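A.B. asks: Dropping the structure in here first, questions after.
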Amino acid sequence: MASSIRILARAGDGGLVDVKSLIQHPMDSGLIKDSSGKFIPAHYIETVLFKHNGKVVFQADWSRAVSKDPYLGFRFKGGKSGDKLEASWVDNLGKSDSTTATIS
Amino acid sequence: MNQIHSIDPERRRLLAMAGGALGLLALAGTARAADGAVKYPDAAFETKNEDEALKGIFGDRKATPSDKVTLTAPDIAENGAVVPLTVESTLPKVTRIAFVVPDNPFPLAAEFLIPEGSEAYVSNRIKMGKTSSVVAIVESDGKLYSATKQVKVTVGGCGG
Numbered sequence: 000m001a002s003s004i005r006i007l008a009r010a011g012d013g014g015l016v017d018v019k020s021l022i023q024h025p026m027d028s029g030l031i032k033d034s035s036g037k038f039i040p041a042h043y044i045e046t047v048l049f050k051h052n053g054k055v056v057f058q059a060d061w062s063r064a065v066s067k068d069p070y071l072g073f074r075f076k077g078g079k080s081g082d083k084l085e086a087s088w089v090d091n092l093g094k095s096d097s098t099t100a101t102i103s
Numbered sequence: 000m001n002q003i004h005s006i007d008p009e010r011r012r013l014l015a016m017a018g019g020a021l022g023l024l025a026l027a028g029t030a031r032a033a034d035g036a037v038k039y040p041d042a043a044f045e046t047k048n049e050d051e052a053l054k055g056i057f058g059d060r061k062a063t064p065s066d067k068v069t070l071t072a073p074d075i076a077e078n079g080a081v082v083p084l085t086v087e088s089t090l091p092k093v094t095r096i097a098f099v100v101p102d103n104p105f106p107l108a109a110e111f112l113i114p115e116g117s118e119a120y121v122s123n124r125i126k127m128g129k130t131s132s133v134v135a136i137v138e139s140d141g142k143l144y145s146a147t148k149q150v151k152v153t154v155g156g157c158g159g
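Chains as they are written, first to last, in numbering that gives the first Met the number 0: chain H, 0 to 103; chain W, 0 to 159.
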């Protein structure tokens, strides 16, 4: 099954890697009602983790206030083209997904 | 998440004993779980009280406004459900960045943990229920600094 995580990771000067990621997820806040007047249950990603060569390079802790299909950009040093970057997330319902991308 | 490798019975026993101690550390919010993640600060995200939310993440420390923290956010957000925020800082030894929206139902919007070697930079998109200030807090060398921007919201992002 295709991953919910799309990553664009580019290595630049001095080993600085720029990472742009987009995750497919409803990020329901639990504060919105559906057409029948019932609250749509909260369903949002809590933690996103990125690792390079087994080392954590970034962690995002998200609340229900992060937008649907969340975008996340960050940068880290010490990566080069061809290296692997692992990304994974866990949501408040215990669902999770992960992917591995190659730094270009 | 990554698969846990199979563990031989003796090692499993030792790990189970250590697990109790690790559990206590995890409650303090500083231990790393098996996959390397720092424990998610549930209480801080679930409180409607801004001071409590900040205390849950940063303890009693207060942030000082600093021009070495750059917060980029729109003056007017046409769609409150998707408000782009970018924070950069030239401060040294940045270990955490947090986004606080005081007029949101739950003020703490996001927190980012930045290990050594990663840049003091993050770009994210959040929901805002109505016009509010947005505060970016940066933890640098154990001290807190902030930048604030007022964002006008024309259509609220909380379904209202």
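Just so you know, even glycine gets a beta-carbon here, dropped at the ideal spot from N, CA and C. Fair warning: this is a prediction, and the values are worked out from it, not measured in the lab.
1. Return helix, strand or coil for residue 118 of chain W, following the three-state DSSP convention.
2. Within 7 Å: the Cβ of residue 11 of chain H and any heavy atom of the ligand ZN?
3. Taking 8 Å as the threshold (beta carbon to beta carbon), is residue 129 of chain W in contact with chain H?
4. Mapping DSSP to helix, strand and coil, what is residue 42 of chain W?
5. Give a yes or no on contact between the segment 74-92 of chain W and the segment 64-82 of chain H, applying the rule of three or more CB pairs nearer than 8 Å.
6. According to DSSP, is residue 67 of chain H part of a helix, a strand, or is it coil?
7. Terminal residues of the continuous alpha helix (DSSP H) containing residue 56 of chain W?
8. Roughly how many angstroms separate the alpha carbons of residue 33 of chain H and residue 40 of chain H, rounded to a whole number?
9. Between residue 25 of chain W and chain H, is any beta-carbon pair separated by less than 8 Å?
10. Would you please verify whether the beta carbon of residue 60 of chain W is less than 8 Å from any beta carbon of chain H?
11. Can you pull the chain H neighbours of residue 34 of chain W, defined as C-beta to C-beta under 8 Å?
12. With a threshold of 8 Å between beta carbons, is residue 125 of chain W in contact with chain H?
13. Return yes when the Cβ of residue 134 of chain W is within less than 8 Å of the Cβ of residue 122 of chain W, no when it is not.
14. Does residue 143 of chain W come within less than 8 Å of chain H when only Cβ atoms are used?
15. For the segment 15-23 of chain H against the segment 68-84 of chain H, are there 3 or more C-beta pairs whose distance is under 8 Å?
16. Where residue 56 of chain W and residue 11 of chain H are concerned, what is the direct C-alpha to C-alpha distance, given to the nearest angstrom?
17. Are the C-beta of residue 66 of chain H and some C-beta of chain W separated by less than 8 Å?
C.D. replies: Taking the structure as given:
1. On the second sequence, position 119 is the one that residue 118 of chain W refers to. Residue 118 of chain W: coil per DSSP, three-state reduction.
2. Inclusion of the ligand ZN in the displayed structure is not the case, the ligand content being empty and no account of it being possible.
3. Position 130 of the second sequence, counted from the start, is the residue given in the question as residue 129 of chain W. Residue 129 of chain W does not count as touching chain H.
4. In the second sequence, the residue the question calls residue 42 of chain W occupies position 43. Helix.
5. As far as the Cβ criterion goes, the segment 74-92 of chain W touches the segment 64-82 of chain H, which means the pair count is three or higher.
6. Reading the first sequence from its first residue, position 68 is the one you call residue 67 of chain H. For residue 67 of chain H, the three-state secondary structure derived from DSSP is coil.
7. Here residue 56 of chain W refers to the residue found at position 57 of the second sequence. Element bounds for residue 56 of chain W: 49-57.
8. What you label residue 33 of chain H is simply residue 34 of the first sequence in a count that begins at 1. What you label residue 40 of chain H is simply residue 41 of the first sequence in a count that begins at 1. Between residue 33 of chain H and residue 40 of chain H, the C-alpha separation is close to 10 Å.
9. If you number the second sequence from 1, residue 25 of chain W lands on position 26. The predicted model places residue 25 of chain W with a pLDDT of 39, which falls under 50 and marks its position as unreliable; any figure quoted below should be read in that light. Not a single CB atom of chain H sits nearer than 8 Å to the CB of residue 25 of chain W.
10. On the second sequence, residue 60 of chain W is found 61 positions in, with the first residue counted as 1. It does not; no Cβ of chain H falls within 8 Å.
11. In the second sequence, residue 34 of chain W corresponds to position 35, counting from 1. Simply 48 and 87.
12. Position 126 of the second sequence, counted from the first residue, corresponds to residue 125 of chain W. The beta-carbon of residue 125 of chain W is placed less than 8 Å from the nearest beta-carbon of chain H.
13. Position 123 of the second sequence, counted from the start, is the residue given in the question as residue 122 of chain W. Position 135 of the second sequence, counted from the start, is the residue given in the question as residue 134 of chain W. Not closer than 8 Å, so no.
14. Here residue 143 of chain W refers to the residue found at position 144 when the second sequence is read from its first residue. Among the CB atoms of chain H, none fall inside 8 Å of the CB of residue 143 of chain W.
15. Because the criterion of three Cβ pairs below 8 Å is met, the segment 15-23 of chain H and the segment 68-84 of chain H touch.
16. Within the second sequence, numbered from 1, the residue matching residue 56 of chain W stands at position 57. Within the first sequence, numbered from 1, the residue matching residue 11 of chain H stands at position 12. A straight-line Cα-Cα distance of about 33 Å links residue 56 of chain W and residue 11 of chain H.
17. For the purposes of this step, residue 66 of chain H is identified with residue 67 of the first sequence, where counting begins at 1. Yes, its Cβ sits closer than 8 Å to a Cβ of chain W.
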